[in-house]
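Notes for the one structure printed next.
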Amino acid sequence: MSVTDRTSRPAGTRPVRRPGRSMIRIGPWVAVPVRRSSLLAASVSLLLLLGAAVATLSMGRLGIDLADLPSALMGEASGKNAFVLNRLRGPRLVVAIATGAAFGLSGALFQSVTRNPLGSPDVIGLGAGAGAGAAAAALFLPDVLPVPVGALLGAVAAMAIVYFSTGTGFRHPGRLVVAGIGVGAMATALTQYVVYAVERDKASALTAYINGSLSARSWDDALTIWTVLLVALPLAALLARPLSISEMGDDLSAGLGARPARTATAAIALSIALSAGAVSVAGPIAFISLTAPQIAKRVTRSGGPHLVMSTVLGAVLLVVADLAAQQLPLFDNLPVGLYTMAVGGAYLGYLLIREWRRPV
């Protein structure tokens, strides 16, 4: 991978440097245009992620001492440190990073296609479908189908219903959102019925899962979500330029040789795959896919889909939220999804106040 200045090279002229623009090249075929301000913001966000990761492993009564952390990470941990790193917090941290990144990238793809700041896979019923699938597995097939598998099947079923009910697949964003709201409402009703019907102990565990939880994650969960993320990243890089062109409008992008309908379908399908993978290991954690792309847009102050920045910020948001879930004594052992709901609710309130203050 390399970073080079972006140039424009008309026939018979020398390359012209565009100030503030760079190109990240991944091999000979993939080139992702970025701004230098975006690279700076991504670097700062990565430092924040590193700090939150260190705090996750070291804070609290069971935390690993900072002096022992480097050797523990090099495989020399023993006793309590080995338990914390390999069983208690290590898998949880690795899952949180990849899950947040997957949600952030998923939201950036979806918002770029719909051109809607409130657009996210949550809006089209994926999270609600995953919750309904998890609930159905817990009630009807408790000893046959694991809850995470039920969540994945529920998410896929919800997206299939949305796809066929629109009449145009994923190509029409307006129909997509309307169909998703309807599917999400039905899925939520099923989930609430199951929570009411199952036994109290099972209902408590199920409620934690459908709100989004990172507790008791394993290295198998980490392998699952990292596989999904590493497969999706190069595909998202291939879509970066078509998405940037598509944001100019369908007519103009088609005139430039892009295929906006095909790009939209591919981006939404990839967004759904990322969200489904994240939901399968952590449950339907809300609002990460909604807020991460919007924060990315504001910190970079530039147009475009912001795929890289949204991915990094999604990881930062979820790791920080999970750190709060582990360390705040007032809200001990609450599902991390409740913290992200609070952040998302505050963000929606900010948008509402902003709209009120905007002159008519």
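Residue numbers in the sequence shown follow this note's numbering, run continuously in steps of one, and reach 764 at the last position. For glycine and all other residues, C-beta sits at the position ideal for the given N, C-alpha and C.
Just mark residue i as buried or exposed, buried being the case when its beta carbon has 16 or more other beta carbons within 10 Å.
{"i": "S679", "result": "buried"}
{"i": "T408", "result": "The predicted model places T408 with a pLDDT of 46, which falls under 50 and marks its position as unreliable; any figure quoted below should be read in that light. Its Cβ having fewer than 16 others within 10 Å, T408 is exposed."}
{"i": "P414", "result": "Because P414 sits at a pLDDT of 46, beneath the cut-off of 50, its placement in the model cannot be relied upon, and the following sentence gives the value as read from the coordinates. Classification of P414: exposed, given that the 10 Å Cβ count is below 16."}
{"i": "S684", "result": "buried"}
{"i": "S482", "result": "exposed"}
{"i": "S447", "result": "exposed"}
{"i": "S449", "result": "buried"}
{"i": "T757", "result": "Note on residue identity: the sequence assigns Ile, not Thr, to residue 757. I757 is exposed by the Cβ-count criterion."}
{"i": "T631", "result": "exposed"}
{"i": "L557", "result": "buried"}
{"i": "Y754", "result": "exposed"}
{"i": "T570", "result": "buried"}
{"i": "G578", "result": "exposed"}
Taking Cβ to Cβ, would you say residue i is nearer than 8 Å to residue j?
{"i": "L594", "j": "A668", "result": "no"}
{"i": "L674", "j": "L513", "result": "yes"}
{"i": "G508", "j": "I614", "result": "no"}
{"i": "A729", "j": "V740", "result": "yes"}
{"i": "R493", "j": "L461", "result": "yes"}
{"i": "L647", "j": "A677", "result": "no"}
{"i": "L618", "j": "A686", "result": "yes"}
{"i": "P521", "j": "Q698", "result": "yes"}
{"i": "A562", "j": "A538", "result": "no"}
{"i": "G584", "j": "V527", "result": "yes"}
{"i": "A555", "j": "V723", "result": "no"}
{"i": "S706", "j": "G511", "result": "no"}
{"i": "V551", "j": "A559", "result": "no"}
Per DSSP, what kind of secondary structure is residue i in: helix, strand or coil?
{"i": "I585", "result": "helix"}
{"i": "A471", "result": "coil"}
{"i": "F574", "result": "coil"}
{"i": "S412", "result": "Its pLDDT being 44, under 50, S412 is placed unreliably by the model, and the measurement read from it follows with that caveat. Three-state DSSP puts S412 in a strand."}
{"i": "L610", "result": "helix"}
{"i": "V602", "result": "coil"}
{"i": "V527", "result": "coil"}
{"i": "V407", "result": "With a pLDDT of only 46 at V407, under the threshold of 50, the placement of this residue in the model should not be trusted, and no figure is reported."}
Please report the Cβ distance between residue i and residue j, rounded to the nearest whole angstrom; I am assuming they are in contact, meaning their Cβ atoms lie under 8 Å.
{"i": "A505", "j": "A725", "result": "Not confirmed; about 14 Å, so no contact."}
{"i": "A690", "j": "G588", "result": "Contact doesn't hold; Cβ gap of about 12 Å is too wide."}
{"i": "L721", "j": "A696", "result": "6 Å"}
{"i": "P709", "j": "A644", "result": "7 Å"}
{"i": "L727", "j": "A459", "result": "6 Å"}
{"i": "A476", "j": "L497", "result": "Rounded, the Cβ-Cβ distance is 13 Å, inconsistent with contact."}
Are the C-beta of residue i and some C-beta of chain D separated by less than 8 Å?
{"i": "A446", "result": "Of the chains in the structure shown, none is chain D; there is only one protein chain."}
* To do: Pick out the complete beta strand (DSSP E) segments inside the segment 628 to 691, 3 residues or longer, and give them in chain order.
  => none
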